[in-house]
Structures are given as structure tokens and as C-alpha cells.
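Everything on this sheet refers to the single structure shown next.
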Amino acid sequence: MISEEFLSEVAIFTDKKINKVVLNGTYQIPNFDLKKVAANELSMRYTVPFGSVETIQQIELKDELDNVITSNQVYVPISSDTILSQTIFVKEA
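If you're matching positions, the sequence shown starts at 13 in the working numbering and goes up one per residue.
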């Protein structure tokens, strides 16, 4: 069994690693409205401005060297400024 302390350390490491959000492979969001770790959970919130993309079809979290950390296929139409939340849970499988 992995200790809760170690899972929290991995969540903190992941938090430090994530540098930006990239939508549809082109539109970058370098600033988070919220990015915090609580225990083994990393919570992020960011704003997608109206007009930046018509529809979000892919969300990537990237590091400072532009390496993909996570990639998710989605369908989110953007008809006004939109706040998105993402959570990463670090757990033993």
C-alpha cells in the first residue's frame, strides 16, 4: 500500500510540472485562475475567453518544454467566457 504522504508528494510534483493548458492543439492558456493541491488531489480552474475557440475538442496539459502531460478529447461549445475545472486524483491502482 502506498502512503497518503507519498501520494500527496506526487500530486505536488504534478502541480509543479503543469505549466499551461492548450486547447485544440493551438490556443494556449498560460495562467490558471486556481491551481492547488489538497492531499492527493490537484485542482485547476481556468477561463476560456469568448472568441478564442468556437468549440473545444481537445484539452492538453503541458509542461514548460511543451511536452504533453495529459490529453483529453471533449466537446465543449464556447458561446461566452467559459470557466473550466479539471481535477487530477493521484491514487494507488
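Don't be surprised by glycine CBs; every beta carbon is placed ideally from N, CA and C.
Minimum C-alpha distance to residue i - residue among the options
{"i": "V102", "options": "L96, Y87, L54", "result": "L54"}
{"i": "K29", "options": "Q98, D75, E104, I90", "result": "D75"}
{"i": "T99", "options": "E66, L73, V65", "result": "L73"}
{"i": "Q40", "options": "R57, M56, S64", "result": "S64"}
{"i": "E66", "options": "S91, M56, R57, Y58", "result": "S91"}
{"i": "P89", "options": "Q69, I14, S97", "result": "Q69"}
{"i": "M56", "options": "N31, G37, S97", "result": "S97"}
Cβ-based neighbour list, residue i, same chain, cut-off 8 Å, excluding 5 preceding and 5 following
{"i": "A51", "result": "E16, L19, S20, A23"}
{"i": "F62", "result": "I90, S91, S92, D93, T94"}
{"i": "N31", "result": "P42, K74, D75, E76"}
Below-7 Å beta-carbon distance, residue i vs any chain B residue
{"i": "N31", "result": "Protein chain content of the structure displayed is limited to a single chain, and chain B is not contained in it."}
Contacting residues, own chain, Cβ-Cβ under 6 Å from residue i (five flanking each side not counted)
{"i": "T94", "result": "V60"}
{"i": "V49", "result": "A23, I24, D27"}
{"i": "E104", "result": "I14"}
Nonlocal neighbours in the same chain, by C-beta distance under 7 Å from residue i, ignoring five residues either side
{"i": "I71", "result": "V33, L35, N84, V86"}
Just checking, does the region 43-54 make contact with the region 78-85 on the three C-beta pairs under 8 Å criterion?
-> no
Within the region 32-76, ranges of the beta strand (DSSP E) (whole runs, at least 3 residues) = 32-35, 39-41, 46-50, 53-60, 67-74
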